[in-house]
Ligand SMILES: [Zn+2]
Ligand SMILES: [Zn+2]
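And the structure:
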């Protein structure tokens, strides 16, 4: 079974893909991502690998919900009233794995700058390909890192999901940004937030010519970082080569800082958040969210009832304190 089911109460899509349950147990000493496995080239630096058990797939049925435009991701009120409570549709899209390095046990914080640059080029190139495909509404680029995030494969890798709809949190971000612009002469909410953080300084972590990283004022995760493009851009496609290279550099710095914070690989989610592909000048600002799950050297942050069922986060750490710790963690960045 491989379909999207409409959650009528939360008004969002759930991907039902039972094939993933049948993922084979890998032999302990064999990794499909290693050169020589037969599944990847014998020599590579960074490699785009099609996900063997994709949540979204080009072969799946098309996304045709409620006879609404595919890129909206949410039905109009009229369509919703008439929609079946048990609506379903096809998860047409694409899922890829990005192998960061041929080295099986290399933590991403040890990845060389040249490899990070190639990773950013792969993210951008794949986003460009999806931009030409009318089936795709938005491209999600992310990495789950560490067993605490449920990753069983130590080989350094991230993922790219090309989705046929705008997922709910992105919709909410777009709605906030649209509302802010309407009330502030078209100003970008994200640009303004970044400016305010740079003025305040207390939560800044690292910066270079093209990007600024800070612990958000209302961080939901311990040592959460928002990395914002200094110049207003909605997707990776709008960055210049120099900006992409700067992005690689600051990601490398942040990942090193995280692993130096407690002296081990920080379990985290890293998400490159881009605006919708089928909208001209969407009110969205390209940024990277780092969401770590470690709230101290010995304690993990679990998403429990209040976070998961109600959507309200309890933060056990002061954002300003975490920012200071991250600023002091090596490598120190000029601010
Ligand atoms: Zn491997
Ligand atoms: Zn902006």
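Numbering (my numbering), first residue to last: 9 to 343. Beta carbons are placed, not taken as given, at the ideal position from N, Cα and C, and that holds for glycine.
**Q.** For residue 292 and residue 179, the rounded distance between their alpha carbons
**A.** 10 Å
Q: With a cut-off of 6 Å, give the chain-ordered residues whose Cβ is closer than this to any heavy atom of ligand 1.
A: 39, 41, 42, 112 and 163
Q) Less than 7 Å between the CB of residue 218 and some heavy atom of ligand 2, yes or no? A) no
**Q.** Beta-bridge partners of residue 141, as assigned by DSSP
**A.** Paired residues: none, contrary to the question.
Q. Would you say the stretch 159-176 touches the stretch 114-123, given that touching needs at least three Cβ pairs under 8 Å?
A. yes
Q. Does the separation of the CB atoms of residue 258 and residue 219 fall below 8 Å?
A. yes
Q) Within 10 angstroms of its Cβ, does residue 271 collect 16 or more other Cβ (buried), or is it exposed? A) exposed
Q | Cα-Cα separation, residue 278 to residue 299 | A | 6 Å
**Q.** Own chain residues within Cβ distance below 8 Å of residue 43, not counting five before or after
**A.** 49, 50, 51, 52 and 110
(Q) Does residue 153 come out as helix, strand or coil in the three-state DSSP assignment? (A) strand
(Q) Let me confirm a value: residue 313 is counted as buried when at least 16 other C-beta atoms fall within 10 Å, else exposed. Which label applies? (A) exposed
**Q.** Which of helix, strand or coil DSSP assigns to residue 124
**A.** helix
Q | Residue list, Cβ distance to ligand 2 heavy atoms smaller than 6 Å | A | 196, 198, 199, 240 and 293
(Q) Buried or exposed, going by whether 16 or more other CB atoms sit within 10 Å of the CB of residue 339? (A) exposed
Q | Buried/exposed call for residue 9, threshold 16 Cβ in 10 Å | A | exposed
Q) Does DSSP classify residue 118 as helix, strand or coil? A) helix
Q. Tell me which same chain residues have a C-beta within less than 7 Å of the C-beta of residue 254, skipping the five on either side of it?
A. 216, 217, 218 and 219
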